[in-house]
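Using my numbering, you'd call the opening residue of the sequence shown number 526 and step up by one each time.
So the structure is just underneath, and the comments pick up after that.
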Amino acid sequence: MTESDAAGAPVVEVYWRPGCPFCRGLLRSLRKSGLVLREVNIWEDPEAAARVRSVADGNETVPTVFIDELALVNPSSRQVLRAAGVQPPPRLWDRLGLGRGSGGREAASGREG
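In structure tokens form, the structure reads like this:
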């Protein structure tokens, strides 16, 4: 049985530590998304630190995110949203109509290839 909120959405567990700029950025993004978050400080919870080490090659790499049994080490907010079954918002260049093809983002930025 997996942990979920009352509506059945998965609980996204974000393992973090103080002073981690990547953690701050990810948490800021995810808090805006409406996902149900459980934020765990690995410096205050030895079991949480051990869980992170178990999926990060023995390192305490944060942020590490767990969604049910899926572990994501140092993910982007888009990766977390997709894993939680949420469609991420379009990126700026998509909203501006700058795709990735020959006439897209690369061409708009002056790069070719």
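All residues carry an ideal CB built from backbone N, CA and C; glycine is no exception.
If you're wondering where the values come from, they're calculated on a predicted model, not measured in any experiment.
Handout entry: Reference W568, options P614, P600, C545, S554, closest by Cα
Key = Here residue 568 corresponds to residue number 43 of the sequence shown, with the count starting at 1. Looking at the Cα atoms, C545 is the closest of the given residues.
Problem - Presumed contact (8 Å Cβ cut-off) between L552 and V565, rounded CB distance - result: Translated into positions along the sequence shown, residue 552 becomes position 27. Translated into positions along the sequence shown, residue 565 becomes position 40. About 11 Å; that fails the 8 Å criterion.
Problem - For R563, three-class secondary structure by DSSP - result: As a working mapping, residue 563 is identified with position 38 in the sequence shown. It is a strand residue.
Problem - Alpha carbon of S554 to alpha carbon of N584, nearest angstrom - result: Indexing the sequence shown from 1 puts residue 554 at position 29. Indexing the sequence shown from 1 puts residue 584 at position 59. Each residue's Cα considered, the two are about 24 Å apart.
Problem - Start-to-end residues for the beta strand (DSSP E) that takes in A596 - result: Within the sequence shown, residue 596 is the residue found at index 71, counting from 1. 595–598 is the span of the beta strand (DSSP E), which, as asked, contains A596.
Practice task
Classify E585 as helix, strand or coil using the three-state DSSP reduction.
Solution key: In the sequence shown, the residue the question calls residue 585 occupies position 60. DSSP places E585 in coil when its eight states are reduced to three.
Problem - Host beta strand (DSSP E) of V537 (start-end) - result: Counting from one through the sequence shown, the residue named residue 537 turns up at place 12. Looking at the DSSP string, the run of the beta strand (DSSP E) that includes V537 is 536–541.
Exercise for the section: Would you mind stating whether L560 and L606 have Cβ atoms separated by less than 9 Å? Expected result: Here residue 560 refers to the residue found at position 35 when the sequence shown is read from its first residue. Here residue 606 refers to the residue found at position 81 when the sequence shown is read from its first residue. Yes, the pair counts as a contact, with Cβ atoms nearer than the cut-off.
Exercise for the section: Measure the C-alpha to C-alpha separation of A575 and E594 and round it to an integer number of angstroms. Expected result: Position 50 of the sequence shown, counted from the start, is the residue given in the question as residue 575. Position 69 of the sequence shown, counted from the start, is the residue given in the question as residue 594. Distance between the alpha carbons of A575 and E594 is about 15 Å.
Practice task
Counting only the same chain and skipping the five closest in sequence on each side, list residues whose C-beta sits under 7 Å from that of F591.
Solution key: Counting from one through the sequence shown, the residue named residue 591 turns up at place 66. Correct list, in chain order: E538.
Exercise for the section: Can you check DSSP and say which residues form a bridge with V590? Expected result: As a working note, residue 590 is residue 65 in the sequence shown. BP columns for V590 point to V539, L597.
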